[in-house]
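Trainee: Remember, my numbering sits 224 above the position in the sequence shown when you count from 1.
For every residue, glycine included, the Cβ atom is placed at its ideal position computed from N, Cα and C.
This structure is in structure tokens; I'll ask about it shortly.
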Amino acid sequence: MGQADDTTAQRLRLLQREFVQPGSRGPGDGRTATQVHAPAPLNIGIVDRIRAAVYEVETHTRASAPEAGRFTGEAERVYDWARQHTAHLEPERQAVREALIYRQGLEHAIAAGDTDVVTRHPCPGCGCWGMYWDRNEGEAFCVNRYCVDDAGLSRTWSLAHIAQQHVARLKSLKSQAT
Ligand SMILES: [Zn+2]
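See below:
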């Protein structure tokens, strides 16, 4: 697994920059009497989301590499950290790690309002490029009217499933190329 894709880290950074500290300029030197205003509220939802994402990667890493210890760096560095500590694992386990990282990248993008990330993946069911994000359901659905379940409803996919497919597809492209 050579060139590590750092899209997920970039998206996390964006999320942090744009949504956690909106226009944070700092309150000056703190000596002035302007403290009557509470500091701009952090976006707690996003803060929690980032914390949960880091925790998930950390836990997942330690499950297969206990010697990794605790992760203490900046949130966006957790992906590099995870890859470093699991680089010795067999390819299948590394693929699971990459799918997790990729899924988080999709989640970060969607949290930042970019639901188009979903449309850039073929439907895992029919292979067509016609998936959309259903914000209420929190899953992607296929618009191909022939791609339906037994009840005749559009087939839906979780981000985890889309991520798995994506990683598997990259892997097979890579093996074809060699
Ligand atoms: Zn489909």
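According to DSSP, is residue 367 helix, strand or coil?
Mentor: coil
Trainee: Considering only the beta carbon of each residue, do residue 349 and residue 232 sit closer than 9 Å?
Mentor: When the beta-carbon positions are compared, residue 349 and residue 232 stay at least 9 Å from each other.
Trainee: Whose CB is closer than 5 Å to a heavy atom of ligand 1? List the residues in chain order.
Mentor: 347, 349, 350, 366, 368 and 371
Trainee: For my contact list, residue 239 and residue 336 are in at a C-beta cut-off of 8 Å; report their separation, rounded to the angstrom.
Mentor: About 5 Å separates the two Cβ atoms, so the contact holds.
Trainee: Would residue 327 be called buried (16 or more neighbouring beta carbons within 10 Å of its own) or exposed?
Mentor: buried
Trainee: Got a sec? Which residues, its chain only, sit under 8 Å from residue 308 by beta carbon, not counting five neighbours each side?
Mentor: none
Trainee: Compute the Euclidean distance between the alpha carbons of residue 254 and residue 229, then round it to the nearest angstrom.
Mentor: Any reading at residue 254 must be qualified, since the residue scores a pLDDT of 43, below 50, and its modelled position is unreliable; the value itself is stated next. Spanning the two alpha carbons is a distance of roughly 41 Å.
Trainee: Give me the Cβ distance between residue 267 and residue 302, rounded to the nearest whole Å; I'm assuming they're in contact under 8 Å.
Mentor: About 19 Å separates the two Cβ atoms, so there is no contact after all.
Trainee: Assuming the contact rule is C-beta atoms closer than 8 Å, residue 310 and residue 289 should be a hit. Round their C-beta distance to whole Å, please.
Mentor: 5 Å
Trainee: From residue 342 to residue 293, what distance separates their C-alpha atoms?
Mentor: 34 Å
Trainee: Given a cut-off of 9 Å on the beta-carbon distance, is the pair residue 314 and residue 236 in contact?
Mentor: no
Trainee: Nearest CA to the CA of residue 274: which residue from 402, 241, 347 and 286?
Mentor: 241
Trainee: Please specify which runs of the alpha helix (DSSP H), each continuous and at least 4 residues long, are wholly inside the stretch 298-378, giving them in chain order.
Mentor: 302-310, 315-335 and 340-343
Trainee: Quick check on residue 283: does DSSP put it in helix, strand or coil?
Mentor: helix
Trainee: Skipping 5 residues on each side, what residues in its chain have a beta carbon closer than 6 Å to that of residue 389?
Mentor: 348
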